[in-house]
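Take a look at the structure below.
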Amino acid sequence: MSVIRFFGSIVVRDLLLAWRQRGDVLVGLMFFVLVATLFPLAIGPEPAWLLRIGPGVLWVAALLANLLALPRLFQSDWQDGSLEQLLLNPFPVSVMVAGKFAAHWLASSVPLALAAPLLGIQYGLPSAQWLMLLASLLLGTPIITTLGGVGAALTLGLRQGEVLLALLVLPLLAPVLIFGSGAVAAVAAGQSGMAELSLLAAMMCASVFCSPWLAARALRLAIE
Amino acid sequence: MQTPTSARSSRHWFHFSAPSTFYPLAGRAIPWFSALALVLALAGLWIGFAIAPSDAQQGDGYRIIYLHVPTSWMAMFIYVVMAFWSVIHLVWKTRLSALMAQALAPTGAWMALMSLLTGSLWGKPMWGTWWVWDARLTSMLLLFFLYLGFIALTRSIDDPDRADQAGSILSLVGVFNVPVIYFSVYWWNTLHQGASVSSRGSSMASVMLLAMLLMGLAAWMYAIAMTLRRVRVLILQREANTRWVQELTEVAAKES
């Protein structure tokens, strides 16, 4: 079996597992919608306000919903022992981790990103803005998954691991939030927003390239 | 991994990387660095508060700069040093370098907190507000949280080996992210509101600069002394069951 087929088999396996547990994905989506709903209740339903805060609020809500899903990345595999089996196979651990990242992103982050435009419309965002919201989320969520995946591997099996994960990962993800919501805000200000999008893409490349290796190293520690 | 010849040549290089040889060395070095920190701080404070003139625009309120700037420098510098030891630990698996990183983190967090506090004390009379979401302030706050995350992670792992390696990986991720955070916050700030608060007005008189440099050196010496003290405690905790720790005069005296 080649490395690429091994990668593919991990992706298929994790997607199948996610499909069997589709409730988990729905919980994340519901959380996203709920957080986005709370802001108009707390601040007031004035359309001009909502238009102004919409991009930032939706990005923060998406970031938090993604963070909520991160502990699931390795948790169940670790609990039932299949993570150890996966670590024992002859292929590089980083390839296995990259496969899990890809499947996790497809199963958890893509549905969130696809739901975001709907909420954007509820906030009164014009089409140019919610399209940019979708694009920035699709570019930004891989960073959340991969960089957060390193944090998930580091905190695997620790007391209060989920809270610790948030403390570790949120400061590191500040740039993603800034450029993601900044791209939408730039569109609102009449610019193209491509500068922010390019920076987001550059960070995504760096994170996707380096994170699997670091997460693999952290996972081996957690298992030993 | 190592061939016999390289082991012999590396014995010299790594002589003090063993906790048992580093512990007494650190013990001898601490009084020197503490004394240096004290002397430099006294000289810096004296020049800064007694000799340096009042600022043309800010009066005497500017004098908190002698605490604010050194702590800000150290907060950023210590993270880089921490990452340096972490890389050494990840590559050569020397135990002491991970302990150094863990000993540095609380001092770094303390420096970041002091920088934020002195900054807000300075900001209230000068800008009329305790806190602005300025680029420098926000990135320092995030740096403070990065230190706290590192400390929380290494403290919550019971297995020492895993704690060392996890901390090293985290600070490696952090050191690549700190410049990204710094510049992103900077651009975010310039995009949304003009950076009106970063202009300092007058250029600095050479006496003021001298006092600030002396305080900076004092903060450096203080950080070294504190880190060495903390690393000695960490060494004792880790090696409590070894023979050389049992034979230390201070440990033996406690137990009898």
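First to last, the sequence lines map onto chains A and B. Just so we're aligned: 79 in my numbering is position 58 of the first sequence, and the numbers increase by one with no gaps anywhere. Just so we're aligned: 194 in my numbering is position 186 of the second sequence, and the numbers increase by one with no gaps anywhere. Here a beta-carbon is modelled for each residue, glycine too, at the ideal position from N, C-alpha and C. Nothing here was measured: the structure is a model prediction, and the numbers come from that model.
For B/TRP252 and B/TRP100, what's the separation of their Cα atoms in angstroms? Indexing the second sequence from 1 puts residue 252 of chain B at position 244. Indexing the second sequence from 1 puts residue 100 of chain B at position 92. Going from the Cα of B/TRP252 to the Cα of B/TRP100 covers about 24 Å.
Would you list the residues sitting across from A/ASP35 in a DSSP beta bridge? In the first sequence, the residue the question calls residue 35 of chain A occupies position 14. According to DSSP, A/ASP35 bridges with nothing at all.
Which same chain residues, not among the five before or five after A/SER178, have their C-beta less than 7 Å away from its C-beta? Numbered from its first residue, the first sequence carries residue 178 of chain A at position 157. Position check: residue 178 of chain A holds Gly in this sequence, whereas Ser was assumed. Here the set comprises TRP99 and ALA243.
With distance defined between alpha-carbon atoms, name the residue in B/MET82, B/ALA233, B/GLY157 and B/VAL95 nearest to B/TRP40. Within the second sequence, numbered from 1, the residue matching residue 40 of chain B stands at position 32. Selected option, being the one with the closest Cα: B/ALA233.
Spell out whether any CB of chain B is found under 7 Å from the CB atom of A/ALA239. The sequence position of residue 239 of chain A within the first sequence is 218, counting from 1. Answer yes: the Cβ-Cβ gap between A/ALA239 and chain B drops below 7 Å somewhere.
Indicate the three-state DSSP secondary structure (helix, strand or coil) for A/GLY145 in the structure shown. For the purposes of this step, residue 145 of chain A is taken as the residue at position 124 of the first sequence. In the structure shown, A/GLY145 sits in coil (DSSP, three-state: anything other than H, G, I, E or B).
Determine the burial state of A/ARG238: buried for a count of at least 16 other Cβ atoms within 10 Å of its Cβ, exposed for fewer. By one-based count along the first sequence, residue 238 of chain A stands at place 217. That one is buried.
Among residues of its own chain, excluding the 5 on either side of A/PHE112, which ones have a beta-carbon nearer than 7 Å to its beta-carbon? For this step, residue 112 of chain A is matched to residue 91 along the first sequence. By the criterion of a C-beta distance shorter than 7 Å, A/PHE112 is surrounded in its chain by VAL24 and PHE27, once the five residues flanking it on both sides are discounted.
Per-residue burial, B/ILE59 [other beta carbons within 10 Å of its own, 16 or more giving buried]: As a working note, residue 59 of chain B is residue 51 in the second sequence. B/ILE59 is exposed by the Cβ-count criterion.
Quick one: which chain B residues come within Cβ less than 9 Å of A/ILE165? For the purposes of this step, residue 165 of chain A is identified with residue 144 of the first sequence, where counting begins at 1. Per Cβ cutoff of 9 Å: no residues; A/ILE165 is ~13 Å from chain B at best.
Which residues in the same chain have their Cβ closer than 6 Å to the Cβ of A/GLY201, if we skip the five residues on either side of it in sequence? Within the first sequence, the letter at position 180 stands for residue 201 of chain A. Taken in chain order, the residues that qualify are TRP80, SER157 and GLY161.
Interface residues of chain B facing A/LEU242 [CB-CB closer than 7 Å]: By 1-based counting over the first sequence, the position of residue 242 of chain A is 221. In chain order: ARG170, GLN173 and ALA174.
B/ALA227 and B/THR137 look like a contact to me (Cβ under 8 Å); what is the Cβ gap, rounded to whole Å? Counting from 1 along the second sequence, the entry for residue 227 of chain B is found at position 219. Counting from 1 along the second sequence, the entry for residue 137 of chain B is found at position 129. For B/ALA227 against B/THR137, the beta-carbon gap comes to about 26 Å, at or over 8 Å, which does not count as contact.
Just tell me which of B/ALA111, B/PRO61, B/ILE38 and B/TRP54 has its CA closest to the CA of B/GLN267. Any answer about residue 267 of chain B is impossible in this case: the structure gives chain B only from 9 up to 264.
Could you say which of A/VAL33, A/LEU50, A/GLY75 and A/MET225 lies nearest to A/ILE165 if we only look at CA atoms? For this step, residue 165 of chain A is matched to residue 144 along the first sequence. Here the closest residue by C-alpha is A/MET225.
If contacts are defined as beta-carbon pairs under 8 Å, then B/TYR267 and B/SER147 qualify, I think. What distance do you get, rounded to the angstrom? Since the first residue of chain B shown is 9 and the last is 264, residue 267 of chain B is not available in this structure.
For B/PHE57, decide whether its Cβ has a neighbour in chain A, counting only Cβ atoms nearer than 7 Å. Locating residue 57 of chain B in the second sequence gives position 49, where the first residue counts as 1. B/PHE57 does not count as touching chain A.
Rank A/PRO163, A/ALA128, A/GLN96 and A/LEU186 by C-alpha distance to the C-alpha of B/ALA160 and give the top, closest one. On the second sequence, position 152 is the one that residue 160 of chain B refers to. Nearest in C-alpha terms to B/ALA160, of all of A/PRO163, A/ALA128, A/GLN96 and A/LEU186, is A/LEU186.
B/THR155 and B/ALA117: beta carbons closer than 7 Å? Translated into the one-based positions of the second sequence, residue 155 of chain B becomes position 147. Translated into the one-based positions of the second sequence, residue 117 of chain B becomes position 109. Here residue 155 of chain B is Tyr; the residue named in the question, Thr, does not match the sequence. Yes, these two residues count as a Cβ contact at 7 Å.
Using alpha carbons as the reference points, say which of A/ILE74, A/GLY182, A/SER103 and A/LEU36 lies closest to A/LEU88. Here residue 88 of chain A refers to the residue found at position 67 when the first sequence is read from its first residue. Across the set A/ILE74, A/GLY182, A/SER103 and A/LEU36, the C-alpha of A/GLY182 shows the shortest separation from the C-alpha of A/LEU88.
Taking only beta carbons into account, state which residues of the stretch 150–167 of chain B come closer than 7 Å to chain A, listed in chain order. Residues LEU150, PHE153, LEU154, LEU156, GLY157, ALA160, LEU161, SER164 and ILE165.
What residues match up with B/ASP63 in a beta bridge as DSSP calls it? Position 55 of the second sequence, counted from the start, is the residue given in the question as residue 63 of chain B. B/GLY67, per the DSSP bridge assignment.
At which residues does the alpha helix (DSSP H) containing A/GLN106 begin and terminate? Locating residue 106 of chain A in the first sequence gives position 85, where the first residue counts as 1. Start and end: 103–109.
Is the CB-CB distance between A/GLY170 and A/ALA236 below 7 Å? As a working mapping, residue 170 of chain A is identified with position 149 in the first sequence. As a working mapping, residue 236 of chain A is identified with position 215 in the first sequence. Yes, they are a contact pair.
Mapping DSSP to helix, strand and coil, what is B/VAL140? The count along the second sequence starts at 1 and reaches residue 140 of chain B at position 132. Three-state result, B/VAL140: coil.
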